[in-house]
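Report on one structure; see the data block that follows.
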Amino acid sequence: LWVNAGVQEGVYNYDMDVPADGSPALRVLISVVYSLVCAAGLLGNLLVFLLMKTRRGGSQRSSIRLFILNLAATDLQFVLTLPFWAADMALDFSWPFGAAMCKIVLSVTVMNMYASVFFLTAMSITRYRAVASALRDRRRRRRCPVRWVIAGLWAAATLASLPTAVFATVRGVAGERLCLLGLPDGRPWLALYHLQKTLLAFLLPVLVLSVCYLRLLRLVRLRSMRGGRARRSSRLTRSITIVVLSFFLCWMPNHAITFWGVLVKLDLLRFDRTYYMVHMYVHPLTVCLAHANSCLNPVLYCLMRREFRKKMKEL
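Oh and the sequence shown: position 225 is 205 in the working numbering, straight run, nothing missing.
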């Protein structure tokens, strides 16, 4: 989905001896992967809703529960766009659904990508605050209005995706109808658009996740040393490592190639055959990997927890 505005622009603005389109076998493979990710994401996130329906807890657990529910909602909407992109990919980026659906599907995809990352980041902050406040006087603890935070995160995701909603369009390129971003003045604006995506949806969240979870590990280890809870500390260390690594590994390849494209569009690097081939053949695979994070989220944040596994056995 991100390839249309980037690669197609490059293809028709540079005179290079490169193939006109990607491998048909690769396109079919990616379409199948999109469909599988959609099915797995639907199953996992609907299961989260089912398990959360029977979940009860204290105020802090209620906060985490609300974040998980909203994360599942964003991931659910995210994977529901995949059948459209699977068809788009199978047809060699020829968009068959019309201009209105292009704007809707692309906007929903981008908004929920931002929302998913924002909720993951908010959950890491909430977890750190929960542990840190438990080590202090509870009477001094300031409660955060979670529902207002959630509303703010949705508003931030909507605002971040506003350029997509405004400029998403269907344009004819070399006889094909492509769903892409019709940004003004071409490449510099497209570079800024992708730079915003890399900063807001990857670099800043990775920084916040790393800082929060490193400080959380430090607090828990200090507490376990005092109370002899080394086993619990080890479990938490393992789960935190899995959460951070899964986010980083799923999204890093996509954002690395996106940032490479930013440097090319700003004329800081050359548009060459290597860049074209990576965008044509590797970039779609990184999009699949990024989408797979929507399947991992319900497993990492819900189904790995002991109480939820117990609930699953009761279903």
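Where a beta carbon is used, it is the ideal one built from N, C-alpha and C, also for glycine.
Got a sec? Which residues, its chain only, sit under 6 Å from VAL223 by beta carbon, not counting five neighbours each side? LEU280
Can you check which of these residues, LEU60, SER42, TYR255, ALA131, is closest to GLY241 by C-alpha distance? TYR255
First through last residue of the beta strand (DSSP E) which encompasses ARG151: 148 to 153
Report the partner residues of ARG109 according to the DSSP bridge assignment. According to DSSP, which records beta bridges pairwise, ARG109 is partnered with nothing at all.
Considering only the beta carbon of each residue, do CYS230 and ALA270 sit closer than 8 Å? yes
Assign PHE152 to buried or exposed, taking buried as 16 or more other Cβ atoms, counted over all protein chains shown, within 10 Å of its Cβ. The displayed chain sequence assigns Gly, not Phe, to residue 152. Exposed: under 16 other Cβ atoms inside 10 Å.
Delimiting residues of the beta strand (DSSP E) encompassing ARG157: 156 to 161
Please tell me whether LEU158 and PHE73 are closer than 8 Å, where the distance is taken between their beta carbons. yes
With distances taken between CB atoms, is the gap from ASN92 to ALA52 smaller than 8 Å? no
Quick check: the stretch 97 to 110 against the stretch 59 to 79, are there 3 or more CB pairs under 8 Å? no
Where PRO164 and ALA79 are concerned, what is the direct C-alpha to C-alpha distance, given to the nearest angstrom? 18 Å
Give me the residue from LEU161, ALA19, VAL126 with the minimum Cα distance to SER141. LEU161
Of the residues LYS245, TRP75, ALA112, the one placed nearest LEU202, counting alpha carbons only: ALA112
Between the CA atoms of VAL28 and ILE48 - distance to the nearest angstrom: 8 Å
Contacts around LEU56, its chain only, beta-carbon distance under 6 Å, and the 5 residues preceding and following it disregarded: ASN25
For GLY78, does the three-state DSSP call read helix, strand or coil? coil
Nearest-angstrom Cβ-Cβ length linking SER3 and TYR193, presumed shorter than 8 Å: That belief does not hold up - the Cβ atoms of SER3 and TYR193 are roughly 39 Å apart, past 8 Å.
If we call anything under 8 Å between Cβ atoms a contact, is CYS268 one with ILE10? yes
Contact under 8 Å by Cβ, ILE130 with ASN50: yes
Give the secondary structure of LEU180 by DSSP, where H, G and I count as helix, E and B as strand, and everything else as coil. helix
Suppose only complete runs of 4+ residues qualify. What are the alpha helix (DSSP H) ranges in the stretch 44 to 102, listed by chain order? 62 to 70
Quick one: using the 10 Å Cβ neighbour count with 16 as the cut-off for buried, is VAL296 buried or exposed? Past the boundaries of the shown model lies residue 296; the chain is included only from -19 to 295, so the question cannot be answered.
Below 8 Å between beta carbons: does that hold for LEU246 and PRO168? yes
Could you check if ARG107 is buried or exposed, using at least 16 other CB atoms within 10 Å of its CB as the buried criterion? buried
Close-in-space but distant-in-sequence residues of the same chain around SER96 (CB under 8 Å, 5 per side omitted): LEU51, THR54, ASP55, PHE58, ASN273, SER274, ASN277
C-beta atoms of CYS82 and VAL150 nearer than 8 Å: yes
Within 10 Å of its beta-carbon, does PRO185 have 16 or more other beta-carbons around it, so buried, or fewer, so exposed? buried
The alpha helix (DSSP H) enclosing VAL28, as first and last residue numbers: 4 to 33
What are the boundary residues of the alpha helix (DSSP H) that includes SER141? That residue, SER141, is in no alpha helix (DSSP H); it is neither H nor E in DSSP.
ALA181 and TYR94 look like a contact to me (Cβ under 8 Å); what is the Cβ gap, rounded to whole Å? 6 Å
Cα separation between VAL179 and MET257? The question names Val, but residue 179 is Leu in the sequence shown. For LEU179 and MET257, the distance between alpha carbons rounds to 25 Å.
Please name the residue, chosen from ALA236, VAL126, ALA19, that lies closest to PRO264 on a Cα-to-Cα basis. ALA236
Between the Cα of LYS33 and those of LEU23, LEU22, LEU46, spot the shortest distance and give me the residue it belongs to. LEU46
Helix, strand or coil, according to DSSP, for ALA272 in the structure here? helix
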